[in-house]
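Novice:
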Amino acid sequence: MAGFGLAIGYAGLLGAVVAAHNAPATAYELSLYAETPVAVWVGFGVAAVAGLFIALSTRPESRIHHASLGLIGLSALTLTAMPILRGYRFYGAGDSLTHLGWAREIAAGSLPATDLLYPGIHTFSVAITMLTGVPLSRAMLYVTLVAFPLVFLVTVPLIVKLVADTPWAYSFGLVTAAMFVPINNISVHPVAHPTSQAILLVPLWILVTLAYTYRLDTDSVVSPVGEDTSSSTGAITDGGWRSGPTATGVVMVVVSGALVLYHPQQALNVAMVLAAIAVVQLVLSWLRPGSAFTGHRWLGVQAVIVTVLFLLWVPRFERAVGTIRFTLGSFFTGQTAAGTVVAAKSTSLTALGGSLLTLSTRLFLAGAVLSLIAALLVFAVLLGRVERSLTDTSVRYLTVALVPPFLVFLLVFAIGAGDMYLRYQGFIMVFITVLGATGISLAVDRLDASVKPGTGRALALVLLLILSPVAVMGYHTSPYMYQPTSHVTESQLDGYSASFEHRGEGIEFTGLRGGPERYVDYYYGSQRARTTLNFPGYSDRITPDVFNGGAYRSTYDEPRYLGITQSEYEREVVLYDELRYSQRGFEQLETTPTVNRIRTNSGFSLYYILSDSAEPPSDDGGTD
Numbered sequence: 238m239a240g241f242g243l244a245i246g247y248a249g250l251l252g253a254v255v256a257a258h259n260a261p262a263t264a265y266e267l268s269l270y271a272e273t274p275v276a277v278w279v280g281f282g283v284a285a286v287a288g289l290f291i292a293l294s295t296r297p298e299s300r301i302h303h304a305s306l307g308l309i310g311l312s313a314l315t316l317t318a319m320p321i322l323r324g325y326r327f328y329g330a331g332d333s334l335t336h337l338g339w340a341r342e343i344a345a346g347s348l349p350a351t352d353l354l355y356p357g358i359h360t361f362s363v364a365i366t367m368l369t370g371v372p373l374s375r376a377m378l379y380v381t382l383v384a385f386p387l388v389f390l391v392t393v394p395l396i397v398k399l400v401a402d403t404p405w406a407y408s409f410g411l412v413t414a415a416m417f418v419p420i421n422n423i424s425v426h427p428v429a430h431p432t433s434q435a436i437l438l439v440p441l442w443i444l445v446t447l448a449y450t451y452r453l454d455t456d457s458v459v460s461p462v463g464e465d466t467s468s469s470t471g472a473i474t475d476g477g478w479r480s481g482p483t484a485t486g487v488v489m490v491v492v493s494g495a496l497v498l499y500h501p502q503q504a505l506n507v508a509m510v511l512a513a514i515a516v517v518q519l520v521l522s523w524l525r526p527g528s529a530f531t532g533h534r535w536l537g538v539q540a541v542i543v544t545v546l547f548l549l550w551v552p553r554f555e556r557a558v559g560t561i562r563f564t565l566g567s568f569f570t571g572q573t574a575a576g577t578v579v580a581a582k583s584t585s586l587t588a589l590g591g592s593l594l595t596l597s598t599r600l601f602l603a604g605a606v607l608s609l610i611a612a613l614l615v616f617a618v619l620l621g622r623v624e625r626s627l628t629d630t631s632v633r634y635l636t637v638a639l640v641p642p643f644l645v646f647l648l649v650f651a652i653g654a655g656d657m658y659l660r661y662q663g664f665i666m667v668f669i670t671v672l673g674a675t676g677i678s679l680a681v682d683r684l685d686a687s688v689k690p691g692t693g694r695a696l697a698l699v700l701l702l703i704l705s706p707v708a709v710m711g712y713h714t715s716p717y718m719y720q721p722t723s724h725v726t727e728s729q730l731d732g733y734s735a736s737f738e739h740r741g742e743g744i745e746f747t748g749l750r751g752g753p754e755r756y757v758d759y760y761y762g763s764q765r766a767r768t769t770l771n772f773p774g775y776s777d778r779i780t781p782d783v784f785n786g787g788a789y790r791s792t793y794d795e796p797r798y799l800g801i802t803q804s805e806y807e808r809e810v811v812l813y814d815e816l817r818y819s820q821r822g823f824e825q826l827e828t829t830p831t832v833n834r835i836r837t838n839s840g841f842s843l844y845y846i847l848s849d850s851a852e853p854p855s856d857d858g859g860t861d
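If you want the numbering used here, it's the position in the sequence shown, counting the first as 1, plus 237.
(1) If we count Cβ pairs, one from each stretch, closer than 8 Å, do we get three or more for the segment 749-765 versus the segment 338-353?
(2) Compute the Euclidean distance between the alpha carbons of residue 640 and residue 490, then round it to the nearest angstrom.
(3) When you compare only the Cα positions, how much space is there between residue 238 and residue 443?
(4) Taking 7 Å as the limit between beta carbons, can you name the residues of its chain near residue 331, skipping five residues before and five after?
(5) I need the boundaries of the beta strand (DSSP E) containing residue 805, first residue and last residue.
(6) Ends of the beta strand (DSSP E) at residue 748?
(7) For the ligand NAP, is there a heavy atom less than 7 Å away from the beta-carbon of residue 725?
(8) Could you pull the start and end residues of the alpha helix (DSSP H) that residue 846 belongs to?
(9) Which runs of the alpha helix (DSSP H) fall wholly inside the segment 384-454 and span at least 4 residues, in chain order?
(10) Leaving out five residues on either side along the sequence, give the residues of the same chain with a beta carbon under 6 Å from the beta carbon of residue 406.
(11) If contacts are defined as beta-carbon pairs under 8 Å, then residue 696 and residue 684 qualify, I think. What distance do you get, rounded to the angstrom?
(12) Curious, which full-length alpha helix (DSSP H) runs of at least 4 residues does the segment 501-542 contain?
(13) Do three or more CB pairs link the segment 282-291 to the segment 305-315 at distances below 8 Å?
(14) DSSP state of residue 630, grouped into three classes?
(15) What is the C-beta distance between residue 419 and residue 437, in whole angstroms, given that I count them as a contact (C-beta under 8 Å)?
(16) Counting C-beta neighbours from all protein chains within 10 Å, is the total for residue 845 16 or more, i.e. buried, or is it exposed?
(17) Less than 8 Å between the CB atoms is what I'm expecting for residue 836 and residue 735, so what's the real figure, rounded?
(18) Okay, do the segment 657-677 and the segment 606-613 touch, 3+ Cβ pairs below 8 Å being the bar?
(19) Does the segment 733-751 come close enough to the segment 772-780 to have 3 or more Cβ pairs within less than 8 Å?
(20) May I ask which residues mark the beginning and end of the alpha helix (DSSP H) holding residue 836?
(21) Closest to residue 821 by CA distance: which of 802, 784 and 804 is it?
(22) Given a threshold of 16 other Cβ atoms within 10 Å of its Cβ, counted over all protein chains shown, does residue 843 qualify as buried or as exposed?
(23) Are the segment 259-274 and the segment 722-731 in contact at 8 Å, needing three or more beta carbon pairs?
(24) Check the DSSP bridge columns for residue 554 and list the partner residues they point to.
(25) Suppose the cutoff is 8 Å on Cβ atoms and the five residues either side in sequence are ignored; what does the same chain contact list for residue 807 look like?
(26) Using CA atoms only, rank isn't needed, just tell me which of 519, 717 and 321 is closest to residue 812.
(27) Starting from the C-beta of residue 547, find all residues in its chain whose C-beta is less than 8 Å away, skip the five residues before and the five after it, and write them out in chain order.
(28) Using a 10 Å radius around the Cβ and a threshold of 16 neighbouring Cβ atoms, would you call residue 588 buried or exposed?
(29) Rounded to a whole number of angstroms, what is the C-alpha to C-alpha distance between residue 627 and residue 604?
(30) Which term fits residue 210, buried or exposed, when burial requires 16 or more other beta carbons within 10 angstroms of its beta carbon?
(31) Can you list, in chain order, the residues of its chain with a C-beta nearer than 6 Å to that of residue 669? Leave out the 5 residues immediately preceding and following it.
(32) Using 8 Å as the cut-off, can you tell me whether the segment 368-387 makes contact with the segment 648-659, which would need three or more C-beta pairs spanning the two stretches below that distance?
(33) Nearest CA to the CA of residue 386: which residue from 416, 374 and 357?
(34) Roughly how many angstroms lie between the CA atoms of residue 316 and residue 621, to the nearest whole one?
(35) Have a look at residue 839 and residue 326 and give me their C-alpha separation to the nearest angstrom.
(36) Quick check on the DSSP output: the alpha helix (DSSP H) that includes residue 332 runs from which residue to which?
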């Protein structure tokens, strides 16, 4: 029966992939979920549910169990890679276009990778392009939508298996990883966004760090359940202080260095975590010299190494130094503005008929439940209810690891530095994912042993079947979370590229909610656009009053170019229900005498706004 169910699951997954590939996006899609054929989601759901049922009902050592885990993992990757399967030209309408511009400059040789604060995903994408010949925009999608989610999916269950070591630990670790709770789509995104990719890399660092700490590369590994490790030759006061370099230690340094290059902010978080654990190790080795902690490697040296790597790299970039100065200066001078961003978003949500509570539930329900389970696990460890030595010490280490980022979270929230605090929330949720999966695994093992075999797994199955759909709907931005999808169409890129190529010299651009800056970054290269180009109207914004009222001539004393994409219309009129820019404003572009449409294609139009001193353009630009 399990084999038949597994065959159905894989057939459903194959059908979903084929159906998605055969239904490419032909225009901008406001919602990836709504525009993807229903058959895709049916096949995806069949595969995910079949994989979960079989994984929790078969013996962990059996081949069919392993195949079910593969089905779960492939289903998760199908979700993350859906924009690729649907043939999106690019995925990431904001910062991601800027990062693509940087990658284009690196590929062209006009920007040394060392001149970029976080060149990790850019150089990775360039390498994929050089090795495979695929376009750079597609290579960046492979990096952000496949490679980093795959690292997260592989390493989280390995950590849970190491920490919990119950029969179904790996299964629960994989399922919770597949929820991708660090992705909050406010400050941590699935698109090209270096700090987001660095956060998805953190589980690899955790896995290597635990292996290094527990000496899993030597014969003196961690003891079995309940066995004391005080006789280990690697006590902190002995080999833990003075042991030489090891292969695992070198790998740990390499991963830490990679975090610096992918995003220094997450490397700094890692350095603080290492420092906190190193202090706790010293204290415990002094207070409890015969405890299991004394058999572990001390992490103080690694904390120093990561800090040195950070200091060697980051001070070269004034922007990063300025951010650190601003954060610390705002705190020490008492310049706080806690809750201002939250209040502004709440007001906008209310105007759209939503609420902060509704949005929080949709975005953070899975993470909140895992946080509760993680908290219960920590209390169980502190009360001495966990018998296995490695589980006890691991949970303590992971709990200590939460303290520094949580304190920084409170600091950044207090000074009101935008929504930056949610980056720290994303970092924290990596550890919560591990602790939550560990808690589920241990609870299931205890219930199956003390009540009735299968009881714990049945309850866990119900919980995961409730949480997983919520998590799936929160992975890609959509109207479900009051955001448009990050779809960037061929017509948008081609329309802006042609407009830049044929623009009149010195004529400024303008746009809704901001100028064409992201497309300028993509076309000319981000570094050039921000340094030497001096693009006219790079970030100029046309106000809703001017746009809705058609008051162009009384507002502008010089001519302007106004680019309008189909995505902007869908966002402002359909999604935001004319909250800022109205349907009438879009219609008036075609009827206002001082506004001429000079270029158009299926998803982009360029308008020329006349002024009293301006002559109509001599070249209408044609059709793309």
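From the three backbone atoms N, C-alpha and C, an ideal C-beta is built for every residue, glycine too.
Specialist: Taking the coordinates as given:
(1) yes
(2) The residue labelled residue 640 in the question sits at position 403 within the sequence shown. The residue labelled residue 490 in the question sits at position 253 within the sequence shown. Looking at the two C-alpha atoms, the distance is approximately 22 Å.
(3) Translated into the one-based positions of the sequence shown, residue 238 becomes position 1. Translated into the one-based positions of the sequence shown, residue 443 becomes position 206. Those two C-alpha atoms are separated by around 38 Å.
(4) For the purposes of this step, residue 331 is taken as residue 94 along the sequence shown, with counting starting at 1. If we look at residue 331 and ignore the five residues flanking it on each side, its Cβ neighbours are 755.
(5) The residue you call residue 805 lines up with position 568 of the sequence shown. For residue 805, there is no enclosing beta strand (DSSP E); the enclosing alpha helix (DSSP H) has its first and last residue at 803-806.
(6) Numbered from 1 along the sequence shown, position 511 holds the residue referred to as residue 748. Start and end: 745-749.
(7) By its list of ligands, the structure shown contains no ligand whatsoever, and the ligand NAP lies outside what it can speak to.
(8) The count along the sequence shown starts at 1 and reaches residue 846 at position 609. Taken as a continuous stretch (DSSP letters only), residue 846 belongs to no alpha helix (DSSP H), being part of the beta strand (DSSP E) at 841-846.
(9) 385-401, 406-414 and 431-450
(10) In the sequence shown, residue 406 corresponds to position 169, counting from 1. Same-chain partners within the cutoff: 397, 398 and 678.
(11) As a working mapping, residue 696 is identified with position 459 in the sequence shown. As a working mapping, residue 684 is identified with position 447 in the sequence shown. Right, their Cβ atoms sit about 7 Å apart.
(12) 501-524
(13) Touching, yes.
(14) What you label residue 630 is simply residue 393 of the sequence shown in a count that begins at 1. In this structure, residue 630 counts as helix in the three-state DSSP scheme.
(15) Residue numbering aside, residue 419 sits at position 182 when the sequence shown is read from its first letter. Residue numbering aside, residue 437 sits at position 200 when the sequence shown is read from its first letter. Confirmed, about 7 Å.
(16) Position 608 of the sequence shown, counted from the start, is the residue given in the question as residue 845. With 16 or more other Cβ atoms within 10 Å, it is buried.
(17) As a working mapping, residue 836 is identified with position 599 in the sequence shown. As a working mapping, residue 735 is identified with position 498 in the sequence shown. With 8 Å as the limit, residue 836 and residue 735 qualify as a contact, their Cβ atoms being about 7 Å apart.
(18) Contact between the segment 657-677 and the segment 606-613 is present, because at least three Cβ pairs lie under 8 Å.
(19) yes
(20) Here residue 836 is taken as the residue at index 599 of the sequence shown, counted from 1. Counting along the chain, residue 836 falls outside any alpha helix (DSSP H), though it belongs to the beta strand (DSSP E) covering 832-837.
(21) Position 584 of the sequence shown holds residue 821. Residue 821 has its Cα closest to that of 784, out of 802, 784 and 804.
(22) Position 606 of the sequence shown, counted from the start, is the residue given in the question as residue 843. Label assigned to residue 843: buried.
(23) yes
(24) Mapped onto the sequence shown, residue 554 falls at position 317. Residue 554 is not bridged to any residue.
(25) Here residue 807 is taken as the residue at index 570 of the sequence shown, counted from 1. These residues qualify, in order along the chain: 265, 267 and 721.
(26) Walking along the sequence shown from the start, residue 812 turns up at place 575. The shortest C-alpha separation from residue 812 is found at 717.
(27) Taking the first residue of the sequence shown as 1, we reach residue 547 at position 310. The answer, listed in chain order, is 497, 501, 504, 505 and 508.
(28) Translated into positions along the sequence shown, residue 588 becomes position 351. Result: exposed.
(29) As a working mapping, residue 627 is identified with position 390 in the sequence shown. As a working mapping, residue 604 is identified with position 367 in the sequence shown. So the two alpha carbons sit approximately 25 Å from each other.
(30) Limits of the chain in this structure are 238 at one end and 861 at the other, which puts residue 210 out of reach.
(31) As a position in the sequence shown, residue 669 is number 432, starting the count at 1. Result list for residue 669: 607, 608 and 611, in chain order.
(32) The segment 368-387 and the segment 648-659 do not touch, with fewer than 3 CB-CB distances between them shorter than 8 Å.
(33) As a first step, residue 386 is located in the sequence shown; it is residue number 149 there, counting from the start. Considering only alpha carbons, the answer is 416.
(34) Here residue 316 refers to the residue found at position 79 when the sequence shown is read from its first residue. Here residue 621 refers to the residue found at position 384 when the sequence shown is read from its first residue. Cα to Cα, residue 316 sits roughly 40 Å from residue 621.
(35) In the sequence shown, residue 839 corresponds to position 602, counting from 1. In the sequence shown, residue 326 corresponds to position 89, counting from 1. One C-alpha to the other measures close to 14 Å.
(36) The residue labelled residue 332 in the question sits at position 95 within the sequence shown. Residues 332-345.
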